[in-house]
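Numbering (our numbering), first residue to last: 3 to 689.
The beta carbon of each residue, even a glycine, is placed where N, CA and C say it ideally should be.
Structure first, then comments.
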């Protein structure tokens, strides 16, 4: 638990403080002094009595009680120093800048465990080790630069990497991104990104706390904690964007099912972020640009006016918004003609609105006012205005500053002239404004934000399933793939409709059952995982003689133990699956089905449990969703039934968490029904 001694310490000791500001112990001390820490500040240094004008204690035993200790000493000296401070100096917060712990060796990991054990026993908290430190409005306990001015209106940034924290602050420096707090958690020995986010949620003050949270994570150790507190913060009016880096081991291991091949921990991260309402980014620049979008009002819809004196830039932004599902609607009628009369000849107000390279601040003001008050089909504005270097544009940027405040609709400023209008940009950002340097980057950020759903409800009502039968089937299985009868029991118990079928290892019975089901029929091998890969599926079997011939052929397939017979039904093939991906839980997948599911990888996913809205969103994100609506005379798929199956799958795995992988491929869909044609379920019992 994060203590007040960490966030608002009355006293700080820099263990290993130095006069050499090229060393971490010297630079962190300088940053504390230069940025106005007002509490009691002391140093320990065995060779000095005064360090940078601050009293230094040669022997740690002589230190007074201290709230926060910042350690900038060799790793092997840290465990005894922490023990002394925790036990004898009542220190309740520690920042260990030193490296050489679990990130380096087994010996380092053991030293790290000793520190955590000491801190926990003392009821204290720990940031690090192997970090740059932290800073907020009370103290700047970092050994790096830049040290931005902390403000209530800035963002809270929590990073698992000190370098990324520094580089992100640098990336945001010229754009006007400001900070309320920066946390570098390093090895996260006690406190990780999720714990800091929980603290920011638990202490959230709508009057003073930042409403923008940025995260950089190299691992997600506590997904439930992240989901709970990210959702809570967003419900309180905050907005969150995050980077999760690192490749997935799960994504590279051999898979025995479609879901196993498609889903991995990175897919689970994306599903977790969507469920929490977190905008996922993949670079520092994306993170900063999304933060810039967050710093503006939320648009009421997805219709944008693009205002520019540079036609090419407007075209590129139009393309980016349109590709991402946002709209750039035409502006027509009396108001557009009236606006055009206020601009220079040759201007265009069709949208993009181009008021030419000679356009001035007054004309830009008219355009923004019309878009804000008169054009009802506009929800937001993007203004692209640079400079060819002929004259200053301070008046334009001053006007933009005023309009961003006064307009009811958001105004996103793109200021591409980083050299010709450098002073004007600096003046603009000094007023607390954010400016985008690239119009396509703005468009990308707007699409990312628009594509991120609101957090899922904390409590989800799932459809009823037959718990007793589901538990009976899963408990009797010791592990591995279930047989066809047990698969059918689970499907039926979950309320997932399936095609009628018969399974037999006898040719006479196969002929008899085929007749009962009605010709034509499909015959499939029972046993091999990927039947089609081994020639284990025969379509359009028309009569008894063909049943007998195909039965003998299929039984000769390696691994075949029986033959499944189903009536031949037609429709559009879709796919549903489940994959258990620790520590996240069960991923539910939906997409286009058939033999190409792994080739085209056209699917989306969500974390169980799913509500109906989440299931609908999975289907809506399928790239080939137009096929589900029906194309070129081909009938479509009942997406409500498809969505219901996804929800029921999520209910099934809530009752049967032992399900490690599950494929229903294909589900045969028509406008009237969606039926499971083939399903595989693998059970994995906990060790």
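How should residue i be labelled, buried or exposed, when 16 other C-beta atoms within 10 angstroms of its C-beta is the threshold for buried?
i	result
residue 689	exposed
residue 518	exposed
residue 256	Confidence at residue 256 is low in this model, with a pLDDT of 42, below 50, so its placement is unreliable and the value that follows should be read with caution. It counts as exposed.
residue 460	exposed
residue 233	buried
residue 472	buried
residue 416	buried
residue 558	exposed
residue 583	buried
residue 343	exposed
residue 276	buried
residue 674	exposed
residue 90	exposed
residue 205	exposed
Does DSSP classify residue i as helix, strand or coil?
i	result
residue 7	helix
residue 105	coil
residue 471	helix
residue 675	coil
residue 553	helix
residue 602	helix
residue 483	strand
residue 94	coil
residue 1	Outside the displayed span of the chain (3 to 689) sits residue 1, for which this structure offers no information.
residue 286	helix
residue 113	helix
residue 158	strand
residue 254	Because the pLDDT of residue 254 is 37, which lies under 50, any placement of that residue in the model is unreliable, and the question is left without a value.
residue 365	helix
residue 59	strand
residue 570	coil
residue 618	helix
Looking at the unbroken beta strand (DSSP E) that takes in residue i, where does it start and where does it end?
i	result
residue 500	Element bounds for residue 500: n/a, residue is neither H nor E.
residue 182	181 to 186
residue 589	587 to 594
residue 504	504 to 506
residue 46	42 to 46
residue 514	From DSSP, residue 514 is part of no beta strand (DSSP E) but of the alpha helix (DSSP H) over 509 to 519.
residue 399	Run containing residue 399: none in the beta strand (DSSP E); it sits in the alpha helix (DSSP H), 396 to 408.
For my contact list, residue i and residue j are in at a C-beta cut-off of 8 Å; report their separation, rounded to the angstrom.
i	j	result
residue 308	residue 330	6 Å
residue 135	residue 97	5 Å
residue 574	residue 629	6 Å
residue 94	residue 69	6 Å
residue 138	residue 182	7 Å
residue 524	residue 505	Actually they are not in contact, since the Cβ atoms of residue 524 and residue 505 sit about 13 Å apart, beyond 8 Å.
residue 243	residue 302	Not quite, the Cβ-Cβ distance comes to about 21 Å (not below 8 Å), so this is no contact.
residue 104	residue 77	About 10 Å; that fails the 8 Å criterion.
residue 281	residue 469	That pair is no contact at about 37 Å.
residue 442	residue 319	7 Å
residue 590	residue 651	5 Å
residue 45	residue 57	7 Å
residue 304	residue 378	With a Cβ gap of about 14 Å, residue 304 and residue 378 do not count as contacting.
residue 191	residue 72	About 15 Å; that fails the 8 Å criterion.
residue 520	residue 455	Not confirmed; about 44 Å, so no contact.
residue 196	residue 224	4 Å
Along the alpha helix (DSSP H) that carries residue i, what are the first and last residues, could you check?
i	result
residue 275	267 to 278
residue 237	225 to 237
residue 575	Taken as a continuous stretch (DSSP letters only), residue 575 belongs to no alpha helix (DSSP H), being part of the beta strand (DSSP E) at 574 to 583.
residue 80	80 to 90
residue 444	441 to 453
residue 650	641 to 657
residue 171	164 to 175
residue 210	Where residue 210 is concerned, there is no enclosing alpha helix (DSSP H), given that its DSSP letter is neither H nor E.
residue 563	Residue 563 -> no alpha helix (DSSP H), and no H or E assigned at all.
Per DSSP, which one or two residues make a beta bridge with residue i?
i	result
residue 243	216 and 281
residue 135	144
residue 329	305
residue 608	590
residue 127	95
residue 694	With the chain running from 3 to 689 in the structure shown, residue 694 is simply not present.
residue 438	416
residue 119	Answer by DSSP bridge pairing: none, since residue 119 is not bridged.
residue 356	310 and 350
Heavy atom of the ligand HEM less than 7 Å from the Cβ of residue i, yes or no?
i	result
residue 510	As far as ligands go, the structure on display features none, and thus does not contain the ligand HEM.
Any beta carbon from chain D within less than 8 Å of residue i's own beta carbon?
i	result
residue 611	Of the protein chains in the structure, only one exists, and it is not chain D.
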